[in-house]
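Enquirer:
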Amino acid sequence: MAEKVRVRFAPSPTGLLHLGGARTALFNWLYARHNKGTFILRIEDTDRTRSTEEYIDAITEGMKWLSLDWDEGPHRQTDRFSIYKSYADKLLKEGKAYYCYCSSEELEKRRQEALAQGKSPKYDGRCRNLAEPVSGRIPAIRFIMPQEGETVVDDLIKGKVIFDNAQLDDLIIIRSDGTPTYNFVVVVDDVDMEITHVIRGDDHLNNTPKQIHIYKALGYRIPAFAHLPMILGPDKTRLSKRHGATSVTAYKEMGYLPDAFVNYIVRLGWAHGDQEIFTRDELIEYFSLEDVGKSAAVFNPEKLLWLNSQYIIDSTAERLGDLVMPFLLKQGIIKEGQILDKEWFSRGIRTLKERSRTLVELADSLRYYISEEIEPDPKAKEKFLNERSLPYLIDVKEALKRLDNFIAPEIEKTFMSVVKKHRIKLGEVAQPVRVAMTGKTESAGIFEVIEIVGKEKTLKRLEKAIKIIE
RNA sequence: GGUCCCAUCGUCUAGAGGCCUAGGACGUAGCCCUCUCAAGGCUAAAACACGGGUUCGAAUCCCGUUGGGACCGCCA
Numbered sequence: 511m512a513e514k515v516r517v518r519f520a521p522s523p524t525g526l527l528h529l530g531g532a533r534t535a536l537f538n539w540l541y542a543r544h545n546k547g548t549f550i551l552r553i554e555d556t557d558r559t560r561s562t563e564e565y566i567d568a569i570t571e572g573m574k575w576l577s578l579d580w581d582e583g584p585h586r587q588t589d590r591f592s593i594y595k596s597y598a599d600k601l602l603k604e605g606k607a608y609y610c611y612c613s614s615e616e617l618e619k620r621r622q623e624a625l626a627q628g629k630s631p632k633y634d635g636r637c638r639n640l641a642e643p644v645s646g647r648i649p650a651i652r653f654i655m656p657q658e659g660e661t662v663v664d665d666l667i668k669g670k671v672i673f674d675n676a677q678l679d680d681l682i683i684i685r686s687d688g689t690p691t692y693n694f695v696v697v698v699d700d701v702d703m704e705i706t707h708v709i710r711g712d713d714h715l716n717n718t719p720k721q722i723h724i725y726k727a728l729g730y731r732i733p734a735f736a737h738l739p740m741i742l743g744p745d746k747t748r749l750s751k752r753h754g755a756t757s758v759t760a761y762k763e764m765g766y767l768p769d770a771f772v773n774y775i776v777r778l779g780w781a782h783g784d785q786e787i788f789t790r791d792e793l794i795e796y797f798s799l800e801d802v803g804k805s806a807a808v809f810n811p812e813k814l815l816w817l818n819s820q821y822i823i824d825s826t827a828e829r830l831g832d833l834v835m836p837f838l839l840k841q842g843i844i845k846e847g848q849i850l851d852k853e854w855f856s857r858g859i860r861t862l863k864e865r866s867r868t869l870v871e872l873a874d875s876l877r878y879y880i881s882e883e884i885e886p887d888p889k890a891k892e893k894f895l896n897e898r899s900l901p902y903l904i905d906v907k908e909a910l911k912r913l914d915n916f917i918a919p920e921i922e923k924t925f926m927s928v929v930k931k932h933r934i935k936l937g938e939v940a941q942p943v944r945v946a947m948t949g950k951t952e953s954a955g956i957f958e959v960i961e962i963v964g965k966e967k968t969l970k971r972l973e974k975a976i977k978i979i980e
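Sequential numbering of the first sequence, starting at 511, is according to my numbering.
1) Are the beta-carbon atoms of T868 and M764 separated by less than 8 Å?
2) On the DSSP letters alone, give me the boundaries of the beta strand (DSSP E) that H737 sits inside.
3) In whole angstroms, what is the alpha-carbon distance linking L778 and K670?
4) Where does the unbroken alpha helix (DSSP H) through I904 begin, and where does it stop?
5) Whole-angstrom Cβ separation of L526 and T759, contact assumed at under 8 Å?
6) What I want to know is whether the C-beta of I979 ends up closer than 7 Å to one or more non-hydrogen atoms of the ligand HEM.
7) I'd like the list of long-range same chain contacts for L749, defined as Cβ closer than 7 Å, with 5 residues on each side in sequence excluded.
8) Taking one C-beta from the stretch 651 to 662 and one from the stretch 607 to 625 each time, how about it: are there three or more such pairs within less than 8 Å?
9) Take V701 and list the residues in its own chain whose beta-carbon comes closer than 6 Å to its own, dropping the five residues that flank it on each side.
10) Output the distance between the C-alpha atoms of I962 and L910, rounded to the nearest integer angstrom.
11) Going by DSSP in three states, P888 sits in which element: helix, strand or coil?
12) Give the range of the beta strand (DSSP E) segment to which Y1000 is assigned.
13) Closer than 6 Å by C-beta to E554: which residues in its own chain qualify, once you throw out the five before and the five after it? Chain order, please.
14) To the nearest angstrom, how far is the alpha carbon of L838 from that of A532?
15) Name the DSSP beta bridge partners of W580, please?
16) Tell me the rounded alpha-carbon separation between G964 and F916.
17) Excluding five sequence neighbours on each side, which residues of the same chain lie with their C-beta closer than 7 Å to the C-beta of H707?
18) Alpha carbon to alpha carbon, what distance is there between R638 and S577?
19) So, for I884: in the same chain, excluding its five sequence neighbours on each side, which residues have a beta-carbon less than 8 Å away from its beta-carbon?
Laid out in structure tokens, this is it:
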């Protein structure tokens with residue numbers, strides 16, 4: 511390895527950071543970290559009408575949430591227009607580019623006609639050999655593509671891909687308004703930033719031969735390419751808004767842990783034997799482009815949910831406590847400034863870790879520990895808070911009232927005495943009590959719930975349930 | 001329409017010609033555990049798209065078919 515690896519993630523700020531972008535960023539980041547190289551963030555905002563500051567913030571925030579830290583940037587292409595201009599002038603002077611006076615309306619019309627006739631809608635090169643400027647028109651600048659021979663893209667993932675140059679057309683590198691276009695700036699920037707490996711989605715594979723010719727015209731060495739397969743929605747089409755949540759921010763808000771999310775998307779197109787769960791360090795150690803698959807992957811929310819639950823189980827109660835706080839606030843379970851006893855809070859979380867798949871679910875369960883009052887779910891109330899369970903509830907309440915050592919094992923003993931007295935199964939008393947305590951038919955172990963809720967609130971909740979029945 | 005890419009259980013994937021009676025994971029079903037729900041454990045159903053080659057031998061190599069996807073902008 512003679513040369514230091516330099517890679518970049520180059521999103522256009524025309525939307526939030528989506529799944530596919532996040533994975534492209536992740537693979538670039540992993541490649542850089544694995545090879546002790548440099549990871550650069552570059553904002554491709556040459557399309558000024560669609561790019562916004564808000565989206566730039568959203569993208570960097572998404573990356574921060576995933577802990578994908580960059581070493582250089584964010585560079586912004588709008589800050590670099592003079593660089594592109596000078597390269598374009600150079601090409602013009604060397605006869606490798608020319609002014610094109612066709613209007614976008616004319617171009618669009620010709621394109622539609624060609625398509626309608628089933629022909630390839632490529633530019634016919636009519637301005638290529640113009641002797642005189644067309645007066646009254648502001649020209650765009652086109653790059654001259656070779657029309658013969660073939661271009662080979664030697665891709666690290668797809669292998670050798672051969673393109674016929676005859677299908678390439680002279681592409682616009684500078685618009686008539688003077689702004690540069692994507693296929694041009696991407697090359698200039700990758701050259702200027704000394705990018706060694708271009709790792710991006712395979713929707714760019716067809717652009718690559720054009721870019722290779724620009725590299726050549728500029729007299730630069732061509733970087734290595736690695737085209738990542740797409741991530742598709744459940745209907746196997748490209749992931750888009752209609753597939754529901756596609757931005758990383760949405761997953762943050764749904765209560766996913768960033769490490770679980772990263773673990774999920776890294777396995778879309780990459781594998782390391784049979785291993786499913788990886789620490790960040792393992793990812794960096796194992797990651798290799800050779801292990802990236804060629805075929806597109808369908809996004810599967812169920813598996814992400816499972817991974818998230820595994821990450822929750824493996825997290826400490828203290829960390830989960832910090833993570834769940836914003837959700838408790840948002841779900842109205844605690845108020846701003848409300849202070850919870852740390853030890854008590856962690857105990858509660860420990861009982862809920864393995865039954866919460868997301869932080870939203872965890873917060874929701876925490877409600878029955880934290881809230882003063884419990885509103886029983888109507889169905890649960892109907893099924894368990896009735897005449898039949900009334901005597902059990904009364905006996906449990908009375909027994910607990912007499913209990914001083916209010917800890918789970920002692921609470922269990924009081925339940926067993928009620929069970930013995932009525933010759934019933936534990937479930938017959940546990941379920942009504944659960945509904946009284948949590949409002950639901952499922953929860954953490956009932957003795958632990960009672961211990962954590964505490965004697966005072968427990969008695970209140972039982973009394974309330976008894977009152978409901980009577 | 002043209003060009004390019006891709007093809008193993010429903011989904012993510014392991015698989016570099018014999019270790020494959022095709023492995024793991026999610027999901028699904030059943031059982032165990034059990035105060036509920038989970039978690040955990042065990043078990044089951046579930047795939048090499050199809051057709052030709054090459055080879056002693058093919059999920060693996062080649063060709064074709066079919067199917068899916070991406071791109072063909074003064075978007076990126």
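Don't be surprised by glycine CBs; every beta carbon is placed ideally from N, CA and C.
As the structure is a computational prediction, the values presented were derived from the model and not from experiment.
Expert: Taking the coordinates as given:
1) Taking the first residue of the first sequence as position 1, residue 868 is located at position 358. Taking the first residue of the first sequence as position 1, residue 764 is located at position 254. Contact flag set, yes.
2) On the first sequence, position 227 is the one that residue 737 refers to. H737 -> beta strand (DSSP E) spans A734 to L738.
3) Within the first sequence, the letter at position 268 stands for residue 778. Within the first sequence, the letter at position 160 stands for residue 670. About 23 Å.
4) As a position in the first sequence, residue 904 is number 394, starting the count at 1. Here the alpha helix (DSSP H) through I904 covers L900 to R912.
5) Here the question's residue 526 lines up with position 16 in the first sequence. Here the question's residue 759 lines up with position 249 in the first sequence. Right, their Cβ atoms sit about 6 Å apart.
6) The model depicted lacks the ligand HEM and carries no ligand whatsoever.
7) For the purposes of this step, residue 749 is taken as residue 239 along the first sequence, with counting starting at 1. These residues qualify, in order along the chain: H528, L529, G530, I741, L742, G743, T756 and F809.
8) The stretch 651 to 662, when compared against the stretch 607 to 625, does touch it at the 8 Å Cβ threshold.
9) If you number the first sequence from 1, residue 701 lands on position 191. For V701, same chain residues with a beta-carbon under 6 Å away, outside a window of 5 residues either side, are Y730 in chain order.
10) Taking the first sequence and counting its residues from 1, one reaches residue 962 at position 452. Taking the first sequence and counting its residues from 1, one reaches residue 910 at position 400. Rounded to the nearest whole angstrom, the C-alpha separation of I962 and L910 is 14 Å.
11) Here the question's residue 888 lines up with position 378 in the first sequence. In the three-state reduction of the DSSP assignment, P888 falls in the helix class.
12) Residue 1000 is absent from the structure shown; the chain starts at 511 and stops at 980.
13) Position 44 of the first sequence, counted from the start, is the residue given in the question as residue 554. Result list for E554: A520, S522 and Q587, in chain order.
14) Numbered from its first residue, the first sequence carries residue 838 at position 328. Numbered from its first residue, the first sequence carries residue 532 at position 22. Near 27 Å, if we compare the C-alpha coordinates of A532 and L838.
15) By one-based count along the first sequence, residue 580 stands at place 70. When beta bridges are read from the DSSP output, W580 appears opposite no residue.
16) Here residue 964 refers to the residue found at position 454 when the first sequence is read from its first residue. Here residue 916 refers to the residue found at position 406 when the first sequence is read from its first residue. Each residue's alpha carbon lies about 7 Å from the other.
17) Against the first sequence, residue 707 aligns to sequence position 197. The residues are V515, V517, Y541, P733, A734 and A736.
18) Here the question's residue 577 lines up with position 67 in the first sequence. Here the question's residue 638 lines up with position 128 in the first sequence. Separation of S577 and R638 (C-alpha to C-alpha, rounded to the nearest whole angstrom) is 48 Å.
19) Counted from its first residue, the first sequence places residue 884 at position 374. Listed in chain order, the non-local C-beta contacts of I884 below 8 Å within the same chain comprise Y878, A946, M947, T948, G949, R971 and K974, local neighbours out to five positions each way being set aside.
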